Every structure is written in C-alpha cells, then in structure tokens.
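Count the sequence shown with the working numbering and you get residues 1 to 582, in order.
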Amino acid sequence: MKSQLYTIQSELGKPYHDFEFLLNCLSEVLLENNLPHLAEQIPWLNNKEPDFSGKEGKDLLHLYSISFQLLNLAEVNGAVQNRRKKLEEEGISGVNGLWGRVLSDLKQEGVEDKTIASQLKNIFVEPVLTAHPTEAKRPVALGLYRELYLLLVKRENTMYTRFEQAKIKHEIKLLLHKLWFIGEIFIEKPAVESELENVLYYFYKVFPDVLHYLDFRLKQAWEESGLDPTLVQDTNSYPTITFGNWVGGDRDGHPFVTSKVTEYTLKIFRLHAFKLINKLLDDLSEKLSIYCDESCLTQEFKKALRTLGNQYAIDNKSFGSEPFRRYIHLLKMRLPIIEKTSGEIELLDTENSYKTSSELESDLRLLQSALTDYGADILSGIDVQKVIRHIKVLGFHLTHLDIRQNSRYYEEALQDIIKSSLPEVYKDIATDQKKRDAFINNELKHNRPFISRIDHLGSEKAREAVKTFHVLGKYTRKYSERVLGSLIVSMTHNVNDLFTVYLFMREAGLSHYTDSGLVCPLPVTPLFETIDDLVNSPQILDAFLSHPLTKNSLEHIRKKRGWPEPVQEVMVGYSDSNKDGG
C-alpha cells in the first residue's frame, strides 16, 4: 500500500501529499499514546497486512475507519481546489451544472434577463433526509471531521509562516487525539432518538449556512453573466428551497416510531428552529446598532414600535437612541419561547406570540422598509434580507416531516375501526371487494368519524394509527399545515390504499368543508414499489386524481402554498422494484 501511495502521488499530485501529511499526523498521535504497534499498521504508510480477527481487531478497524475518512477529506479538498482553479482560469461559466454555466447558456440563446428572472421563482427543490441512516458516525465525530477539513483548507494559505503552519498541525493532531478516544460509530443500532440527533445536525448546523451560500452564488453568477442585478435583489424571486425529513415520521418497518415519537420529533424541530431564529435576531440586532432620532423614521414603523411596546415591557434606556435594535428586541419577545437564566431555551406559546412564520416575515419586511427609507439600503438588502430568506425557507419547523406507512397496515387498521364501529357492515364487506370499494367511496362523501373515542377501538394497530393522525391534526390546527410534508403510502397496490388515508384524516378531524366541498389538507403520496404496481400505476393515479375529494384537496393545497397549479407527488421505489423484477 505504501508503494501505491507514491504511485498515486506521482500521477495525481497534491491531494495525496495532503493525505500523507494527515496519516503522518495520525502516526504521531498513536506514538504519543504509546501505541507504536498500531502506528506501524496505518494503511498507505506501511505494507503490513492487517489481522482484523486478532485481539487488536477492534482497534485496527477504528484505525482503518479514521484512515479512510482522512483519505476522503484529502480528496474532497483536492476536488474543491481543482474546481477553484477551473473557475479562476475559465470564469464562472467554466464548471458544468453551476449557475454560471446555465445563465451563460441562456444568455447566448438570446433569452431576456426579465424572462430568466421571472422563471427562477418557479424552480422548486426539496432535499429529503430519509429514515434509513447511511451515516453510522456519531454527530460529535461528524463535527470533529468538519473541523479537521477546515484546518486542511487552512493549510492551503501560503501567507502563513512556518510557525503558524506548525500551530495548524498541532490543532489537527488534537482533533485526531479526540477522534481516537471518543469512538466514531454507534456501538449499538441507532434508536430513533439517535437518528434524530444525526439528521438534526444537518438541519441545524449545515443547511442554514448552505442556503445563504447558494443564494450568494446565484447572485454572483447572475452579475458575472452580465444580467441586470436589480432583478435578483429580493430573494423572494429566488428558487424555492425547502427541506423534508422522514426520521420520526417513517413507521414502515420501524415499530419504534409511534405517535409519541412523531409528536416529540415535531416539537424538537420546532425548538431548534426558534433557537436559530433567536440567534439570527441577536446577530441582526448587533449589526443594526444605529443611533437615530425617531423623527427620521416612517409613521408605519413608529406605530409598530408603539404597538409592540404596549404589549411588552422593556427598558427603553437599554437601547437609547437605537430604535432598530429596540424593534428587533420586541420581535424576539414575540417568539413563542422563554430564555432561562441558564441560557437554555424552551417553547412557550402565549397570546401575543407568533403563530406562523409569515407574521415574523411581515414584521421583518417592515424593518427592511424602514431601513431603506432611512438610507441604509445595504443593511436592509443584505442583513435583514438574509434573515427573511432563512425564515421563508426554514420557517418555524426547519423541515417538513413526511409520514410514511405501509398500505397493509392502514388497511388492517381501517378494518379494525369498521369492525368496532359498524360490525354489521364489516361482516357484509369483509370478503366482498366490490362492496368494500363502494363502502369506502361512499364514506369519502361524509365528514364524520367512525368512532368518537380511541379507547373504544379493538386493536392497538387501529388505536396507534388514529393517535398518529390526531397528533398531526393537533399540530396543523395549532401551528401550520406546513410543519408536515406528505402522507406517503408505501406498497401502494390500488386506489383504496390512498383513499384509506383520507379516511384516517377524517377520523382525526383534519378534513373539513370549503366552498368547493370536502377537502383533506395534507397531500397523500403513493409509493409504487413492485413491478405490478408500477405497471398499474397510471390506472391507479387516474382513479385517484379524478375523484372529487382529491381534486378539491389538491386545489386547497395549491392555494395554501401559493403554487401556480395543483401538484401531485408520486414516488417510485427504485430499490424494491429492482428486487421485485430484477
């Protein structure tokens, strides 16, 4: 392996010299911990064949895991540096797939600036983290590797003296010491709480920063392409980005995901959403420490200050002649949280607290307008706009929680409900598919539950299914339907598998009447996973989409979310269909 490293270095260059540097740091760490026998077995530095079955097998696995992770860091850094070089030499349109190339191509084709700008907001992207954890590393290890990567990038700076480079090496070794002792991976199969901790790391620590970086790159590419910069000043005209999550909502094959787990998931994501918003407002307050006389402010802004000041008692002396900071402090007081003396934050809904993120967004736009009128255009267009964009994308929930369950589970739970509430009907339809279809279709015309009390249900499966929908109903009524994504039905075999979910929404009081008729406010998504189901999917979708309840529901969702036309999400189970049909 040692000779292989030298061959790779001669062919591919710097990234693998960086890799050798990291491995040597790891070797020094092991020697400093009196582990020379392990230092002698670091892959790519030595040619010794590992024996994972021996008494040191566990330590060797740990050593190899770290070594391969260091290889990954070095290669990622190398790829980033190569991209930077390409961008520097060929310009922002030099890399395929980035905004620069796309905008440059559109301009060359003669598409007008306004036409391109008008279509940006019609782009919709929603990355979803599923409940099948491919990341075995603990969040603490992920954080350490992130720090390690940043130090590796720092070494690229040729301005540093040899003394500063030595300090960087010392910090790298300190991180490797920590990684060696804490253990990278979960010792036991991750529980739902551990999976939540893992995905929360990305929603809380990574994606918020990535969002603003992507926005900056779009604006930069737009200007570099020679397009009118005034058309992309407001991030409201940018592509719509949202995030989805299955962890805590996907119960298909995961019996530990209960209604209580789903409720906890919704709560924990809401809490972390407000932690982020609270910090963003604190940071914004520091940036807007502007002394100005209130006579310079707009009447609308002064009125808002008075109204909020009457609702919340604050010490105006603390803000002196800083009305913008005072306004932000008052907005913070409207957040449905309470800050403990220990610094911890807890959720606390009050009469005057924000109910939806759009309310906070509206208040921030008023601040933005006041700053612009005052003459601080850059502050309103960058600092305030950044917070508005964060709230627009991540809201009061960080991510939309998808709820996934197997069609068979829903079918059996519904049968139990009918058996408990309408025993004679159950006997009549139990073995007759046509009668069962007619019964379900007739039930979709009415907005009343089968049963008034959950404890009257005969099976735990039925009780748990209804409890889950009651949790969804409580949260959507109290906060917003946008805390949830889709109700995914895995192994969708027929249209009744989808209609059954409508009946569960009705059972929990989620369905309601509008001027157009009965609607269910949450989107139902089929997941076709077998070859037969894929073949039959057009007929299933035709029957589903042509039903009045589906039409009304999709139109209701369209209006709520501001979409130009109704949208029906359809999922294809790629891995399962391949297993089924080869």
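C-beta atoms are modelled at their ideal positions from N, C-alpha and C, and glycine is treated no differently. Every value quoted in this text rests on a predicted model; they were computed, and no experiment measured them.
Report all residues from its chain with a CB closer than 6 Å to the CB of Asp402; omit the five preceding and five following residues, and keep chain order. Against the sequence shown, residue 402 aligns to sequence position 402. Cβ neighbours of Asp402 within its own chain (closer than 6 Å, five residues either side excluded): Gly244, Trp246, Gly249, Gly485, Ser486 and Ile488.
What residues match up with Leu527 in a beta bridge as DSSP calls it? As a working mapping, residue 527 is identified with position 527 in the sequence shown. The secondary-structure analysis by DSSP pairs Leu527 across a beta bridge with Ser490 and Met571.
Give the secondary structure of Pro15 by DSSP, where H, G and I count as helix, E and B as strand, and everything else as coil. Taking the first residue of the sequence shown as 1, we reach residue 15 at position 15. DSSP places Pro15 in the helix class (H, G or I) of the three-state scheme.
Considering only the beta carbon of each residue, do Ser285 and Arg325 sit closer than 8 Å? On the sequence shown, position 285 is the one that residue 285 refers to. On the sequence shown, position 325 is the one that residue 325 refers to. The Cβ atoms of Ser285 and Arg325 lie closer than 8 Å to each other.
Closest to Tyr410 by C-alpha separation, out of Glu507, Lys427 and Asp432, would be which residue? Your numbering for residue 410 matches position 410 in the sequence shown. The shortest CA-to-CA distance from Tyr410 to any of Glu507, Lys427 and Asp432 is the one to Glu507.
In chain order, what residues of the same chain have a beta carbon less than 6 Å from the beta carbon of Gly221, not counting five sequence neighbours either side? Position 221 of the sequence shown, counted from the start, is the residue given in the question as residue 221. The sequence given here has Ala at residue 221, not Gly. Leaving aside the five residues that flank Ala221 on each side, the residues in its chain whose CB is nearer than 6 Å to its CB run, in chain order, Ile92, Trp99, Gly100 and Leu103.
Specify, as a first and last residue, the run of the alpha helix (DSSP H) that Glu507 falls within. As a first step, residue 507 must be located in the sequence shown, where it is residue number 507. Here the alpha helix (DSSP H) through Glu507 covers Val495 to Glu507.
Rounded to whole angstroms, what is the Cα-Cα separation between Leu276 and Pro208? Here residue 276 is taken as the residue at index 276 of the sequence shown, counted from 1. Here residue 208 is taken as the residue at index 208 of the sequence shown, counted from 1. Those two C-alpha atoms are separated by around 9 Å.
Determine the direct distance from the alpha carbon of Leu38 to that of Glu193, and round the result to whole angstroms. Against the sequence shown, residue 193 aligns to sequence position 193. Against the sequence shown, residue 38 aligns to sequence position 38. If you draw a straight line from the Cα of Glu193 to the Cα of Leu38, it is about 34 Å long.
Which residue comes first and which comes last in the alpha helix (DSSP H) that contains Val471? Working through the sequence shown from its first residue, we reach residue 471 at position 471. Residue range Glu460 to Lys478 is occupied by the alpha helix (DSSP H) that includes Val471.
Taking only the alpha-carbon atoms, compute the straight-line gap between Tyr574 and Lys340 and give it to the nearest angstrom. Along the sequence shown, read from residue 1 onward, the residue named residue 574 stands at position 574. Along the sequence shown, read from residue 1 onward, the residue named residue 340 stands at position 340. Between Tyr574 and Lys340, the C-alpha separation is close to 48 Å.
Would you call the region 369-385 and the region 410-421 touching, i.e. three or more CB-CB distances under 8 Å? No, the region 369-385 is not in contact with the region 410-421.
Would you say the region 433-442 touches the region 231-242, given that touching needs at least three Cβ pairs under 8 Å? The region 433-442 vs the region 231-242: no contact.
Can you check which of these residues, His212, Glu147, Asn352 and Glu28, is closest to Tyr312 by C-alpha distance? By 1-based counting over the sequence shown, the position of residue 312 is 312. For the residues His212, Glu147, Asn352 and Glu28, the minimum Cα distance to Tyr312 belongs to Asn352.
If you draw a straight line from the alpha carbon of His528 to that of Val519, how long is it in whole angstroms? For the purposes of this step, residue 528 is taken as residue 528 along the sequence shown, with counting starting at 1. For the purposes of this step, residue 519 is taken as residue 519 along the sequence shown, with counting starting at 1. Sequence inspection shows Phe at residue 528; the His mentioned does not correspond to that position. Per the coordinates, the alpha-carbon of Phe528 lies some 24 Å from the alpha-carbon of Val519.
Which residue marks the beginning of the alpha helix (DSSP H) containing Tyr426, and which one marks its end? If you number the sequence shown from 1, residue 426 lands on position 426. Tyr426 -> alpha helix (DSSP H) spans Pro423 to Ile429.
Assumed close pair Leu589, Val387 - CB separation to whole angstroms, cut-off 8 Å: There is simply no residue 589 to check, as the chain begins at 1 and stops at 582 in what is shown.
Suppose only complete runs of 3+ residues qualify. What are the beta strand (DSSP E) ranges in the region 286-352, listed by chain order? Whole beta strand (DSSP E) segments, 3+ residues: 337-339 and 345-347.
Using the DSSP secondary-structure output, state which residues sit across from Asn442 in a beta bridge. If you number the sequence shown from 1, residue 442 lands on position 442. Answer by DSSP bridge pairing: none, since Asn442 is not bridged.
Closest to Lys121 by C-alpha separation, out of Glu195, Leu218, Ser237 and Leu70, would be which residue? Mapped onto the sequence shown, residue 121 falls at position 121. The shortest C-alpha separation from Lys121 is found at Ser237.
Whole-angstrom distance between Ile338 and Ile345, CA atom to CA atom: Indexing the sequence shown from 1 puts residue 345 at position 345. Indexing the sequence shown from 1 puts residue 338 at position 338. Rounded to the nearest angstrom, the two C-alpha atoms are 6 Å apart.
Helix or strand or just coil, what does DSSP make of His612? Because residue 612 is not part of the residues shown, which for the chain are 1 to 582, the question remains open.
Bridge partners of Ile378, per DSSP? If you number the sequence shown from 1, residue 378 lands on position 378. Per DSSP, none; premise fails for Ile378.
Among Asn82, Arg83, Leu30 and Leu87, whose alpha-carbon lies nearest the alpha-carbon of Leu597? Any property of residue 597 remains undetermined from this structure, which presents the chain solely from 1 to 582.
Reduced DSSP category for Phe124 - H, G, I as helix; E, B as strand; rest coil: Stepping through the sequence shown from its first residue, residue 124 is reached at position 124. Phe124 sits in a strand when the DSSP states are folded into three classes.
Exposed or buried, what is Asn72 when buried is set at 16 or more other beta-carbons lying within 10 Å of its beta-carbon? Sequence index remark: in the sequence shown, residue 72 carries index 72 (1-based). Around the Cβ of Asn72, a 10 Å sphere holds fewer than 16 other Cβ atoms; the residue is exposed.
Distance, Cα to Cα, Leu444 vs Arg404? The residue given as residue 444 occupies position 444 in the sequence shown. The residue given as residue 404 occupies position 404 in the sequence shown. Distance between the alpha carbons of Leu444 and Arg404: 21 Å.
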